[in-house]
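>
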Amino acid sequence: TALLLSLGLPAAAQNPPPPSGLTLDIRLRYEKVSDDAFSRDADANTLRARVGWRSETRSGWSVFGELEGTANFNDGSFNNTRNGTTRYPVVADPKNAELNQLYLNYQPDAASRITLGRQRLVYDNQRFFGNVGWRQNEQTFDALDATRSFGNGFSLRYSYLDRVQRIFGDDHPNRDLGRWNLSTHLFSASHALGSGLLTGYAHFIDNQTLPLTSHRNLGLRYAAKGGPADGLGWLATLELAQQDNHADGLSIIDAHYLLLEGGLVWSGYTGKLGFEQLSGDGRYAFQTPFATGHAFNGWDDKFLTTPVNGLNDRYVSAGGPLAKDGWAAKASWLLAFHDFSADRGSADYGTEWDAQLGFPVAQGV
């Protein structure tokens with residue numbers, strides 16, 4: 177089980193970033209992890225600070241740079257993956273200082289954008305590529321990212337990834353956890369269809385640090401929602417993907433992904449029912465090493481690496497504001513239940529309850 181208390185102060189909270197000037201983001205966090213596999217609980221007090229600067233935009237060109245640092249106040253009371261305190265559960269927020277972002281951006285019009293350099297990279301719902309914003313150290317990429325939108329609801333996106341700065345710090349002593357050198361191509365095409373968006377994608381991932389893990393993803397995703405704004409609404413998602421070996425990847429890499437999700441929305445409240453499958457054959461299972469993994473398959477982070485027999489996740493969730501008006505209307509709650517099992521065989525991985533309560537302390541906090 178895990179308990180987390182977090183307090184953050186971004187410079188431009190809940191608003192688009194300023195056109196130019198200094199940016200500041202500070203997050204103080206206490207996280208407690210209780211795991212029956214360990215005799216002691218982990219208690220992590222950490223502070224994350226980001227300081228950046230954004231230039232003025234001239235003829236569509238702009239520059240942004242950002243430093244990031246994470247401090248541990250009691251790193252002897254949890255395993256931060258590099259302090260050697262393995263008798264405690266892991267809280268993956270090691271001490272770290274690095275260049276988080278530094279990129280050149282060119283946006284000649286509202287429909288086109290090209291970004292070159294170290295940057296935050298997010299695709300769709302972050303199931304395959306995200307910034308892992310849950311952790312204190314952010315995941316960023318040395319990349320070229322280009323998008324183009326067309327007037328008929330059609331858009332294209334391409335990214336070339338040269339390196340990933342992972343959440344464990346770019347100079348981690350374990351190369352499996354540190355930064356990875358890549359030669360990776362990402363393609364995505366989206367088109368408005370009915371009440372939703374249809375997206376096809378192809379990922380050609382050549383991991384030059386861990387070459388045997390290199391793989392290719394080919395997938396299709398459709399996410400839709402509808403209903404009156406002041407009445408009962410609905411939402412639905414269907415996603416399918418196939419994963420195979422690529423470049424020097426192992427020949428056993430062969431797995432598929434399935435997501436089925438539906439839900440209802442009413443007066444600010446949302447209920448969902450879903451099934452997610454990452455297949456496995458006993459030798460290899462579908463993997464998403466660049467995802468924001470905490471957002472999927474429960475918040476205890478037990479399935480960041482999919483077991484070789486695969487994973488079936490049946491889940492239900494509900495959430496919304498605490499009240500319709502007054503101070504409590506600014507607070508929100510979320511409750512989720514997961515039932516985990518193996519895709520191959522009959523192994524029962526157990527169940528998990530997750531609960532979240534969020535509320536503003538002051539404006540911008």
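Taken in order, the sequence shown gives residues 177 to 541; the numbers are from the working numbering. Note that the Cβ used here is the ideal one computed from N, Cα and C, for glycine as well.
Return the CA-CA distance between E232 and R226, expressed in angstroms with no decimal places.
A straight-line Cα-Cα distance of about 20 Å links E232 and R226.
> Could you tell me the boundaries of the beta strand (DSSP E) in which P497 lies?
L487 to P497
> Return helix, strand or coil for W356, following the three-state DSSP convention.
strand
> What does a CB cutoff of less than 8 Å around D424 pick up in its chain, not counting 5 residues either side in sequence?
D382, P387, L388 and S390
> Can we say the segment 206–226 touches the segment 237–247, given the rule of at least three CB pairs closer than 8 Å?
Yes, they touch.
> Anyone know if the C-beta pair for R296 and Q277 falls short of 8 Å?
yes
> What residues are listed by DSSP as bridge partners for N421?
H391
> Where do the ends of the beta strand (DSSP E) carrying Q315 lie?
DSSP places Q315 in no beta strand (DSSP E); its state is neither H nor E.
> Counting only runs that start and end within the segment 451–535, where is the beta strand (DSSP E) found for 3 or more residues in a row?
If we require 3 residues or more, the beta strand (DSSP E) runs fully inside the segment 451–535 come out as 487–497, 508–517 and 524–534.
> Give a yes or no on whether the C-beta atoms belonging to G402 and S371 are separated by under 8 Å.
yes
> How is D338 classed by DSSP in three states: helix, strand or coil?
strand
> With a CB to CB cut of under 6 Å and the five nearest residues on each side skipped, what residues in its chain are close to G447?
Excluding positions up to five away in sequence, the list reads G439, L440 and A494.
> My guess is that Q532 and F462 are in contact by the Cβ rule of under 8 Å, so how many angstroms apart are they, rounded?
Not a contact, Cβ separation roughly 27 Å.
> Spatial neighbours of R520 within its chain, please: CB distance less than 7 Å, with the 5 preceding and 5 following residues excluded, ordered by chain position.
Within the same chain, and ignoring the five residues on either side of R520 in sequence, the residues whose Cβ sits closer than 7 Å to its Cβ are G456, D457, G458, N485 and G486.
> Where does N350 land, buried or exposed, given buried means 16+ other C-beta within 10 angstroms?
exposed
> Would DSSP call G403 helix, strand or coil?
coil
> May I have the straight-line CA-CA distance separating E314 from W356, to the nearest angstrom?
E314 and W356: Cα-Cα distance of roughly 14 Å.
> Rounded to whole angstroms, how far is the Cβ of G354 from the Cβ of R342, which I believe are closer than 8 Å?
7 Å
> Mark I429 as exposed unless 16 or more other C-beta atoms lie within 10 angstroms of its C-beta, in which case mark it buried.
buried
> So which of G526, N256 and G496 has the shortest CA-CA distance to G444?
Looking at G526, N256 and G496, the one whose alpha-carbon comes closest to that of G444 is G496.
> Which value, in whole angstroms, describes the spacing of the CA atoms of W229 and Y299?
24 Å
> How is the beta strand (DSSP E) around R205 delimited, first residue to last?
Note, R205: beta strand (DSSP E), G197 to V209.
> Bridge partners for H348 per DSSP, in chain order?
DSSP, once it has assigned bridges, lists no residue as partnering H348.
> Could you compute how far the alpha carbon of L394 sits from the alpha carbon of L374?
14 Å
> Just curious, the beta strand (DSSP E) that P284 is in, first and last residue?
Counting along the chain, the unbroken beta strand (DSSP E) around P284 starts and ends at N272 to D285.
> If I follow the unbroken beta strand (DSSP E) through V441, where does it start and stop?
Its beta strand (DSSP E) spans residues D430 to W442.
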